[in-house]
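J.: So the sequences go chain by chain: A and L. Position 17 of the first sequence, counting from 1, maps to 17 under our numbering, and the rest follow consecutively. Position 156 of the second sequence, counting from 1, maps to 1156 under our numbering, and the rest follow consecutively. C-beta: ideal position from N, C-alpha, C; glycine also.
There are 2 protein chains.
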Amino acid sequence: MLTRDQCLELDRNDPLRHLRDRYHVPDGMIYLDGNSLGLMPKAARDRVRKAVEQEWAEDLITSWNKHGWFRLPHTIGDKIARLVGAGEGNLVVTDTISVNMFKVLGAALAMRPDRKVILSDTGDFPSDLYVAQGFARFMSNGTQLKTVAPEAVVDAITSDVAVVMLTDVDYRTSRRHDMAAITRKAHDSGALIIWDLAHSAGALPVDLLGIGADFAVGCTYKYLNGSPGSPGFVFVHPTLQKQAMPPLVGWFGHAEPFAFDTQFTPSAGISRMQCGTQAVLSLQALDAALDQWSDVDMQAISSKAHALGTIFIDAVEASSSLTLAGPRTMSTRGSHVSFHCQNGYAVMQAMIAQRIIGDFRAPDIIRFGFAPSYNTHVEAFDAASALCRILRDKSWDRPDYLAKKTVT
Amino acid sequence: MLTRDQCLELDRNDPLRHLRDRYHVPDGMIYLDGNSLGLMPKAARDRVRKAVEQEWAEDLITSWNKHGWFRLPHTIGDKIARLVGAGEGNLVVTDTISVNMFKVLGAALAMRPDRKVILSDTGDFPSDLYVAQGFARFMSNGTQLKTVAPEAVVDAITSDVAVVMLTDVDYRTSRRHDMAAITRKAHDSGALIIWDLAHSAGALPVDLLGIGADFAVGCTYKYLNGSPGSPGFVFVHPTLQKQAMPPLVGWFGHAEPFAFDTQFTPSAGISRMQCGTQAVLSLQALDAALDQWSDVDMQAISSKAHALGTIFIDAVEASSSLTLAGPRTMSTRGSHVSFHCQNGYAVMQAMIAQRIIGDFRAPDIIRFGFAPSYNTHVEAFDAASALCRILRDKSWDRPDYLAKKTVT
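1. Could you give the C-beta distance for L:T1183 and L:A1213, rounded to a whole number, given that I count them as a contact under 8 Å?
2. For A:Q133 and chain L, any beta-carbon pair shorter than 7 Å?
3. For A:L37, decide whether its Cβ has a neighbour in chain L, counting only Cβ atoms nearer than 7 Å.
4. If A:G38 sits next to A:Y223, beta carbons under 8 Å apart, how far is it from one beta carbon to the other, in whole angstroms?
5. What are the partner residues of A:R175, as DSSP defines its beta bridges?
6. If you measure beta-carbon to beta-carbon, which residues of the region 1211–1240 of chain L are closer than 9 Å to chain A?
7. Between which residues of its own chain and L:L1008 is the CB-CB distance below 8 Å, once the five residues before and five after are set aside?
8. Can you look up L:M1348 in the DSSP assignment and give me helix, strand or coil?
9. Could you check whether L:T1075 and L:Q1278 sit closer than 7 Å to each other, using their CB atoms as the reference points?
10. Could you tell me whether the Cβ of L:C1341 comes closer than 7 Å to any Cβ of chain A?
11. Do you know whose CA, among A:S174, A:R22 and A:M298, lies nearest A:K79's CA?
12. So, helix, strand or coil for L:T1409, using DSSP?
13. Which residues of chain B have a Cβ atom closer than 7 Å to the Cβ of L:W1056, listed in chain order?
14. Taking only three categories from DSSP, how would you classify L:H1018?
15. Look at the alpha carbon of A:K185 and the alpha carbon of A:T329, and state the distance between them as a whole number of angstroms.
16. With DSSP collapsed to three states, give me the class of L:Y1223.
17. Grab me the residues of L:H1067's own chain with a C-beta within less than 6 Å of its C-beta, minus the 5 sequence neighbours each way, in chain order.
18. Which residues, in order along the region 265–279 of chain A, keep a beta-carbon less than 8 Å from a beta-carbon of chain L?
19. Note down, in chain order, each residue of its chain lying with its Cβ closer than 6 Å to the Cβ of L:M1101, except the 5 sequence neighbours on either side.
20. Could you tell me whether the Cβ of A:G68 comes closer than 7 Å to any Cβ of chain L?
21. Compare the Cα-Cα distances from A:A203 to each of A:I390, A:N35 and A:A353 and report the closest residue.
22. Scan the region 1091–1121 of chain L for residues whose Cβ lies nearer than 8 Å to a Cβ of chain A and list them as they occur along the chain.
23. With a cut-off of 7 Å, does the C-beta of A:Y130 fall near any C-beta of chain L?
24. Give the residues of chain A in contact with L:P1026, contact being defined as C-beta atoms less than 9 Å apart.
25. Tell me whether the beta-carbon of L:V1052 lies closer than 7 Å to the beta-carbon of L:M1273.
26. Where do the ends of the beta strand (DSSP E) carrying L:K1394 lie?
27. If the cut is a Cβ gap below 7 Å, which residues of chain A does L:H1254 touch?
28. Please classify A:W56: does DSSP put it in a helix, a strand, or coil?
29. So that I know if they touch, is there some Cβ in chain L lying closer than 7 Å to that of A:W251?
30. Enumerated in chain order, which unbroken segments of the alpha helix (DSSP H) with a length of 4 residues or greater are wholly contained in the region 1255–1332 of chain L?
31. Is A:Q292 near A:R22, with beta carbons less than 7 Å apart?
32. Let me confirm a value: L:S1373 is counted as buried when at least 16 other C-beta atoms fall within 10 Å, else exposed. Which label applies?
33. Cβ of A:F339 within 7 Å of Cβ of A:A325?
34. Which chain A residues sit within Cβ distance under 9 Å of L:F1260?
35. Shortest alpha-carbon distance to L:R1004 belongs to which of L:L1145, L:A1244, L:I1366 and L:A1384?
36. Could you tell me the distance, in whole angstroms, from the CA atom of L:A1156 to the CA atom of L:D1121?
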């Protein structure tokens, strides 16, 4: 276990140290909830102001061309593509994860008409499961969602599986899948695969083209700091783009949106995954946020994620009796760390009262997200110390901490 | 035809005159494109700044409760509901028109399993038609989209029609449907009806509950000034809310989103039409924009829309040979006015060069949107004069005006 001084030394030598200044860190706060909502990049604040006061207020409708509003889903998409190994032109920013999941799930199922099983696991983000359940109920043609334990996924990929739909990093336990191995097994069995990268993009190395992923969706308001609720992204492998036809289409996915043809003709490429007009203010915030990543090495991000998590785990385990939820080693873990914790909600309230921000996930998970682009090693150490102190002093045991229910 | 002085007199006596100051009007501009992107309300600018600099930057994840982010789709929805006669709790703001159309189309079709026809008209906004086409192709169970001329809709509602899907105001010609009569005929024939209010909400009186509409979708960035690409809305009649099950569901539509149950249980009310996390910055802009409507009488809005359009039509027809596209009387017309115009694209460029902003829709439509909350009577008069002068002087006949293609 490292000492506090050793953590400070790591911060001094951190090759990503210069990044922290690009984000607004509230005074005296240790923010470990970037896996839920990322800090505000200062450039995003300035960009939104320009988008409102110049582009919307003054230039109005001309901004669609003049300020590149039309291309934003693609310009941002290509910036995200670099972070997840998606290649240029294969990823577009639009709608939400759930809506995008619906599109690619529908496209994938239509490509495997003789198979009826959507395979997922119990650690999948619930909304993805809801999308699949809604889909299966609606089709009423025998399509069904089958969920198994995360560790049982590989063996469950049998010849009746049309689509494997998985979240890379478990939102509670931080358990990470072996994306390459599962993708290979899916393909060997004739199935297609959809990866949800909500807790991966911007925190972990992902190589979508390298592993041959068919589809992926992801989130931009966590580690990518795109602003609260900023639109999601969707990736389709280049070899599938002409074939993959989403059930949900709209004019932004038309080959010629401004021909206003009454007949839908899909765009040839990734653009067919677009549908309606997107929220421009959020897109502009996101585009400015992504500009902070242009000089960032994803291996350095991943190494630092590892270091931060390890410092925290070691320090918590050294001075408390909490049990780690999920795996210990970085190769199988995401960038957040979760512990099982009795009265976890109240404990987290006590942390928050000390301006150390994590979150709680029912039934008993306290969760701490480490964002390598702005969190420091000493923050991980200090947060662990505070947590252990709170547990030792029982300072969580107050009616106001125990009473409320969190919703985030 | 009114004189310019009479228009000035109307402006002096305009009961909605005080509203204009709530919006930012660019210097020297006559903005007649509020049917595409509404002007910026000054309160929206201030609200977005607060949302970025305080809520996101400082309060971060706590803002979901502290600043009511979770409730925004409903709080805004209820404000819009007043403008379209939807009643409280029946309308929610989320996603885009196309995505919402998909949800309600799926819900409606599932409620009429023995019928296979979606009926629409050739004046429907193309993206709605694309949604229906995508849906029909995907179902491959005989579901088909049938389109007829707008004036033939009533007679085409036969006993095989499951759903009538119509846009109230034609985006090109401004032709308005008789919503009450068509809804009645649909119900008499056992069909359900979906109204697209993109060009109606905020400009015309709409009474969804009064006419007994089953479903409606709409847009917030036109006459409601919610910011570029701000989210759409969806209405479900209270008697159908427990029955209407969208094919596309997600965690925000769950009865208990933060229970993180692996099984989807739909919320009992309109909330099931929500799906994923929405763009908060755009929602905040929209909420501030809607606050400008709390004291506005929709009958006064509608009367002024009528007056502005009539001034413009009369003045253009008096001094040019242009042909009006669509109806002349307000009872069958929306709040924009369109003329057929040879070289319409170049003519519009010449208008824009004089800071009079309308838009062009292929093949030959020049379109002018009158937003009763900020446009004045004299603006309508001056825009018409400028248009006639441009036509008379052929000042549109320049290579740079003729060459380009508009995309908005």
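T.: Based on what the coordinates show:
1. Counting from 1 along the second sequence, the entry for residue 1183 of chain L is found at position 183. Counting from 1 along the second sequence, the entry for residue 1213 of chain L is found at position 213. That pair is a contact at about 6 Å.
2. Taking the first sequence and counting its residues from 1, the one referred to as residue 133 of chain A is at position 133. It does; some Cβ of chain L falls within 7 Å.
3. Stepping through the first sequence from its first residue, residue 37 of chain A is reached at position 37. Output row for A:L37: interface = yes.
4. As a position in the first sequence, residue 38 of chain A is number 38, starting the count at 1. As a position in the first sequence, residue 223 of chain A is number 223, starting the count at 1. Right, the Cβ-Cβ distance comes to about 6 Å (below 8 Å), so this counts as a contact.
5. As a working note, residue 175 of chain A is residue 175 in the first sequence. For A:R175, which the question treats as bridged, DSSP gives the partners A:R333.
6. C1219, Y1221, S1227, P1228, G1229, S1230, P1231 and G1232
7. In the second sequence, counting from the first residue as 1, residue 1008 of chain L sits at position 8. Counting only Cβ-Cβ distances below 8 Å, and skipping sequence neighbours, we find H1377 and V1378.
8. Counting from 1 along the second sequence, the entry for residue 1348 of chain L is found at position 348. In the structure shown, L:M1348 sits in a helix (DSSP, three-state: H, G or I).
9. Numbered from its first residue, the second sequence carries residue 1278 of chain L at position 278. Numbered from its first residue, the second sequence carries residue 1075 of chain L at position 75. In this structure, L:T1075 does not lie closer than 7 Å to L:Q1278 by Cβ.
10. Locating residue 1341 of chain L in the second sequence gives position 341, where the first residue counts as 1. Taking Cβ atoms only, chain A never reaches closer than 7 Å to L:C1341, which makes this a no.
11. Your numbering for residue 79 of chain A matches position 79 in the first sequence. Comparing Cα positions, the closest option is A:M298.
12. Past the boundaries of the shown model lies residue 1409 of chain L; chain L is included only from 1001 to 1408, so the question cannot be answered.
13. The structure shown contains no chain B; its protein chains are A and L.
14. Counting from one through the second sequence, the residue named residue 1018 of chain L turns up at place 18. In this structure, L:H1018 counts as helix in the three-state DSSP scheme.
15. The residue given as residue 185 of chain A occupies position 185 in the first sequence. The residue given as residue 329 of chain A occupies position 329 in the first sequence. Those two C-alpha atoms are separated by around 23 Å.
16. Reading the second sequence from its first residue, position 223 is the one you call residue 1223 of chain L. Correct three-state label for L:Y1223: coil.
17. Taking the second sequence and counting its residues from 1, the one referred to as residue 1067 of chain L is at position 67. So the qualifying residues of the chain are E1055.
18. C275, G276, T277, Q278 and A279
19. As a first step, residue 1101 of chain L must be located in the second sequence, where it is residue number 101. For L:M1101, where only same-chain residues beyond five positions count, the Cβ hits under 6 Å are D1128, V1131 and V1217.
20. Position 68 of the first sequence, counted from the first residue, corresponds to residue 68 of chain A. Closer than 7 Å: no.
21. Counted from its first residue, the first sequence places residue 203 of chain A at position 203. Measuring from the Cα of A:A203, the nearest candidate turns out to be A:N35.
22. D1095, T1096, I1097, S1098, V1099, F1102, G1106 and A1110
23. Stepping through the first sequence from its first residue, residue 130 of chain A is reached at position 130. Chain L, which has a Cβ nearer than 7 Å to the Cβ of A:Y130, makes this yes.
24. The residue you call residue 1026 of chain L lines up with position 26 of the second sequence. The contacting residues are A57, E58, D59 and L60.
25. Sequence index remark: in the second sequence, residue 1052 of chain L carries index 52 (1-based). Sequence index remark: in the second sequence, residue 1273 of chain L carries index 273 (1-based). Against a cut-off of 7 Å, the Cβ pair of L:M1273 and L:V1052 comes out as no contact.
26. The residue given as residue 1394 of chain L occupies position 394 in the second sequence. Run containing L:K1394: none; DSSP gives neither H nor E here.
27. Looking up residue 1254 of chain L in the second sequence gives position 254. Within chain A, the residues near L:H1254 are Y130.
28. Numbered from 1 along the first sequence, position 56 holds the residue referred to as residue 56 of chain A. In the structure shown, A:W56 sits in a helix (DSSP, three-state: H, G or I).
29. On the first sequence, residue 251 of chain A is found 251 positions in, with the first residue counted as 1. For A:W251, the answer is yes, since a Cβ of chain L falls inside 7 Å of its Cβ.
30. 1280–1291 and 1298–1319
31. If you number the first sequence from 1, residue 292 of chain A lands on position 292. If you number the first sequence from 1, residue 22 of chain A lands on position 22. Cβ distance < 7 Å, so A:Q292 and A:R22 count as in contact.
32. Start at 1 with the first residue of the second sequence, and residue 1373 of chain L comes out as number 373. Buried.
33. Locating residue 339 of chain A in the first sequence gives position 339, counting from the first residue. Locating residue 325 of chain A in the first sequence gives position 325, counting from the first residue. Yes, Cβ-Cβ distance for A:F339 and A:A325 is below 7 Å.
34. The residue you call residue 1260 of chain L lines up with position 260 of the second sequence. By Cβ distance, chain A contributes F125, P126, Y171, R172, R361 and A362.
35. Locating residue 1004 of chain L in the second sequence gives position 4, where the first residue counts as 1. Out of L:L1145, L:A1244, L:I1366 and L:A1384, L:A1384 has the C-alpha closest to the C-alpha of L:R1004.
36. The sequence position of residue 1156 of chain L within the second sequence is 156, counting from 1. The sequence position of residue 1121 of chain L within the second sequence is 121, counting from 1. The alpha-carbon atoms of L:A1156 and L:D1121 are separated by roughly 10 Å.
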